[in-house]
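Numbering (mature numbering (1 follows the signal peptide of the UniProt record, and there is no 0)), first residue to last: -25 to -1, 1 to 317.
Heads up, the beta-carbon is just placed ideally off N, CA and C, and yes, glycines get one too.
Below you'll find the structure, written out as structure tokens, and then a few comments.
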């Protein structure tokens, strides 16, 4: 009898580990694959690594995450990342709204030219009702969005000349990302936009196959773009690129409630740290990154409000066209949030 009771007690202790969705459940993977476009030292990669680190810490090692930068899980094609998430090829991602916009048209919102004049405007969108609406939409597409990160405002550089007016872009071959909106924007400005992955962009800049590119300043410096001929840089802040920390829905549902909340808390913390890194050195209070760039012999142009208005006017037709495709109500909500930002 004593042996039987001992056996039952041991079975009872073991039972929680075998229940579906419980902490330490038998169906947990040995490793979860986290996709990013960029690795360290870019803020994007730092944020991904930090999320993986915090997940392991907050779940007491029950969930182990390995980051795969360079969108290597989809052979470097960053526009296929969201589809791979839905299909289960990727378990988790810190993904770009731009790269996912071919599958989720509403994410083109952040690429409407000159919608967001500053970080306060960006925060008003991601941290307000618009951000929640977009997360609710993503939640219907086989993923669980957890937190907003940031790749940053995208500034334009080239190897030919200073850009101070729309006509300065005429004829320049500019590498752009995978959304057709970018092709429309740069075509409207008289440039010759060329769509390619980031993996292909760097050698193209090096050989002169393309003249320029647009990216956040953290990428401009970490990728050492001045050494690839990018000696003319214009701060025009025409669009921003929020990042989204997500988990595939099937993976999410396989975890216990306790571990789900741990992963969510880890995402929120990692995202906040990543945003802070992405904004460092580019403000009026701390312009250390801008000074570093200028110190590399880069011709740094800051547009005046009137100069920026000229670019805005030149791209207004693109804005109007894409506002209809994204959804007039969503765009109106975003415009109102930006106007009322504090």
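Skipping 5 residues on each side, what residues in its chain have a beta carbon closer than 8 Å to that of residue i?
i, result
"residue -17", "Residue confidence is low: residue -17 scores 42 on pLDDT, short of 50, so the model does not pin down where it sits. Its coordinate-derived value is still stated next. No residues qualify anywhere along the chain."
"residue 327", "Outside the displayed span of the chain (-25 to 317) sits residue 327, for which this structure offers no information."
"residue 183", "134 and 204"
"residue 300", "80 and 83"
From which residue to which residue does the alpha helix (DSSP H) around residue i run?
i, result
"residue 194", "192 to 197"
"residue 111", "104 to 113"
"residue 313", "303 to 314"
"residue 78", "Residue 78 -> no alpha helix (DSSP H), and no H or E assigned at all."
"residue 27", "18 to 33"
"residue 116", "It is not in any alpha helix (DSSP H) - residue 116 carries neither H nor E in the DSSP assignment."
Could you tell me which of the options sits nearest to residue i, measuring between CA atoms?
i, options, result
"residue 120", "178, 243 and 257", "243"
"residue 8", "184, 26, 15 and 259", "26"
"residue 294", "270, 279 and 163", "163"
"residue 106", "283, 305 and 315", "305"
"residue 113", "297, 138, 132 and 61", "61"
"residue 43", "20, 171, 297 and 111", "20"
"residue 228", "152, 79 and 118", "118"
"residue 237", "35, 166 and 6", "35"
"residue 253", "115, 145, 270 and 126", "126"
"residue 52", "235, 273, 199 and 171", "171"
"residue 272", "161, 235 and 199", "199"
"residue 5", "296, 230 and 281", "230"
Residues in its own chain within less than 7 Å of residue i by CB, not counting five upstream and five downstream?
i, result
"residue 246", "22, 122, 123, 124 and 220"
"residue 240", "33"
"residue 289", "141, 163 and 164"
"residue 13", "19, 20 and 44"
"residue 63", "223 and 225"
So, for residue i: in the same chain, excluding its five sequence neighbours on each side, which residues have a beta-carbon less than 6 Å away from its beta-carbon?
i, result
"residue 203", "180 and 181"
"residue 89", "213 and 287"
"residue 101", "123 and 217"
"residue 185", "148, 150, 169 and 179"
"residue 40", "7, 9, 27 and 30"
Less than 8 Å between the CB atoms is what I'm expecting for residue i and residue j, so what's the real figure, rounded?
i, j, result
"residue 81", "residue 70", "With 8 Å as the limit, residue 81 and residue 70 do not qualify as a contact, their Cβ atoms being about 14 Å apart."
"residue 207", "residue 129", "Their Cβ separation, rounded to whole angstroms, is 15 Å, which puts residue 207 and residue 129 out of contact at 8 Å."
"residue 92", "residue 212", "7 Å"
"residue 154", "residue 83", "6 Å"
"residue 169", "residue 152", "That pair is no contact at about 11 Å."
"residue 318", "residue 316", "Missing from the structure shown is residue 318; the chain here goes from -25 to 317 and no further."
"residue 313", "residue 96", "4 Å"
Whole angstroms are fine: how far does the CA of residue j sit from the CA of residue i?
i, j, result
"residue 265", "residue 28", "30 Å"
"residue 187", "residue 255", "24 Å"
"residue 225", "residue 109", "20 Å"
"residue 194", "residue 17", "7 Å"
"residue 262", "residue 159", "32 Å"
"residue 310", "residue 251", "25 Å"
"residue 87", "residue 75", "15 Å"
"residue 148", "residue 65", "33 Å"
"residue 3", "residue 15", "28 Å"
"residue -2", "residue 37", "Confidence is the limiting factor: at residue -2 the pLDDT is only 48, short of 50, which leaves the residue's position unreliable, though a coordinate-based value still follows. C-alpha separation (whole angstroms): 6 Å."
"residue 98", "residue 216", "12 Å"
"residue 302", "residue 131", "27 Å"
"residue 190", "residue 58", "24 Å"
"residue 298", "residue 54", "21 Å"
"residue 175", "residue 11", "16 Å"
"residue 68", "residue 292", "33 Å"
"residue 258", "residue 94", "10 Å"
"residue -13", "residue 46", "Note that residue -13 scores 41 on pLDDT, short of 50, meaning its location in the model is unreliable and no value can be drawn from it."
"residue 279", "residue 285", "10 Å"
"residue 283", "residue 177", "28 Å"
"residue 156", "residue 138", "21 Å"
"residue 73", "residue 308", "20 Å"
"residue 249", "residue 111", "23 Å"
"residue 270", "residue 260", "18 Å"
"residue 234", "residue 144", "50 Å"
On the DSSP letters alone, give me the boundaries of the beta strand (DSSP E) that residue i sits inside.
i, result
"residue 318", "Nothing can be reported for residue 318, as the shown portion of the chain is limited to -25 through 317."
"residue 12", "No beta strand (DSSP E) holds residue 12; DSSP gives it neither H nor E."
"residue 43", "40 to 43"
"residue 132", "130 to 133"
"residue 210", "207 to 210"
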